[in-house]
Amino acid sequence: MFTFGPTTTDAKLQQVLRLQKANLPQHITAEEAREQGFVTVDHTLELLRDMNTPYCHSAAWKDEELAGYALVMETRFRHRIPILFPMFELLDGVPWQGMPLREWRYFVMGQVCVAKPFRGQGVFAGLYLDLRARLSAHFDLVVTEIATRNTRSVKAHEKVGFETLQNYMDPGGEEWVIVGWKL
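Set out below in structure tokens:
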């Protein structure tokens, strides 16, 4: 049984950082990245704290162990993470339900990750359901981008109900898919 809820302390944010670092491409094999997925951005504690206010990130716990997390990133953070600049340049004009995203109240999924022992047990969907329950009064949808080579993440987002909004190629040649989910 998992408990889902907000990350409210620095100790919880430190656990998020440890899980994040363990799933960066430089800390896993190419085979593991292909089969299990990976995270792209390496956040600092300061940035996680800033992103956690006023809307807290979501975390899943199995007893005291972090099973997974989903990071809330408001659009005001568009200039804080250089690797995300290309995505943010596109987002405001990306259409959703006939209108550009700039016409909607949305936030960006800053990152989602499930710890290896808990994959395939509903943690991923539970994180998004927790965010929907807590944030649907404030936002219309959540948007994220996924490297198309991260097929596990693409499939997991599709399973939750995310729809493809747009594909693009970044300046470094990486192909990304922008997806959105109604809250």
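Using our numbering, the letters of the sequence shown correspond one by one to residues 1 to 183.
Where is the CB? At the ideal position from N, CA and C, for every residue including glycine.
Using the DSSP secondary-structure output, state which residues sit across from residue i in a beta bridge.
{"i": "residue 58", "result": "6 and 70"}
{"i": "residue 167", "result": "177"}
{"i": "residue 104", "result": "Looking at the DSSP assignment, residue 104 forms no beta bridge with any residue, so it has no partner."}
{"i": "residue 133", "result": "BP columns for residue 133 are empty, so no partner."}
{"i": "residue 65", "result": "62"}
{"i": "residue 146", "result": "177"}
{"i": "residue 109", "result": "72"}
{"i": "residue 229", "result": "Not covered by the structure: residue 229. The range shown for the chain is 1 to 183."}
Residue j and residue i - do their beta-carbons sit closer together than 8 Å?
{"i": "residue 138", "j": "residue 102", "result": "no"}
{"i": "residue 107", "j": "residue 74", "result": "yes"}
{"i": "residue 9", "j": "residue 69", "result": "no"}
{"i": "residue 109", "j": "residue 142", "result": "yes"}
{"i": "residue 140", "j": "residue 86", "result": "no"}
{"i": "residue 147", "j": "residue 40", "result": "yes"}
{"i": "residue 123", "j": "residue 33", "result": "no"}
For the beta strand (DSSP E) holding residue i, just list the boundary residues, first then last.
{"i": "residue 151", "result": "Element bounds for residue 151: not the beta strand (DSSP E) but the alpha helix (DSSP H), 151 to 160."}
Measuring alpha carbon to alpha carbon, tell me which residue in the options is nearest residue i.
{"i": "residue 182", "options": "136, 27 and 166", "result": "136"}
{"i": "residue 174", "options": "118, 12 and 149", "result": "149"}
{"i": "residue 1", "options": "54, 63 and 29", "result": "63"}
{"i": "residue 114", "options": "71, 52 and 170", "result": "71"}
{"i": "residue 3", "options": "118, 179 and 146", "result": "118"}
{"i": "residue 65", "options": "154, 134 and 13", "result": "13"}
{"i": "residue 55", "options": "134, 147, 81 and 23", "result": "134"}
Over the uninterrupted alpha helix (DSSP H) stretch that includes residue i, give me the two end residues.
{"i": "residue 87", "result": "85 to 91"}
{"i": "residue 50", "result": "45 to 51"}
{"i": "residue 26", "result": "Element bounds for residue 26: n/a, residue is neither H nor E."}
Practice task
Indicate whether the contact test is met: 3 or more Cβ pairs, each with one atom in the stretch 14 to 25 and one in the stretch 82 to 93, closer than 8 Å.
Solution key: Contact fails: fewer than three Cβ-Cβ distances are below 8 Å.
Practice task
May I ask you to verify whether the stretch 57 to 65 touches the stretch 122 to 130, counting CB pairs closer than 8 Å and requiring at least 3?
Solution key: yes
Handout entry: Segment contact flag, the stretch 158 to 174 with the stretch 43 to 51, C-beta cutoff 8 Å, min 3 pairs
Key = no
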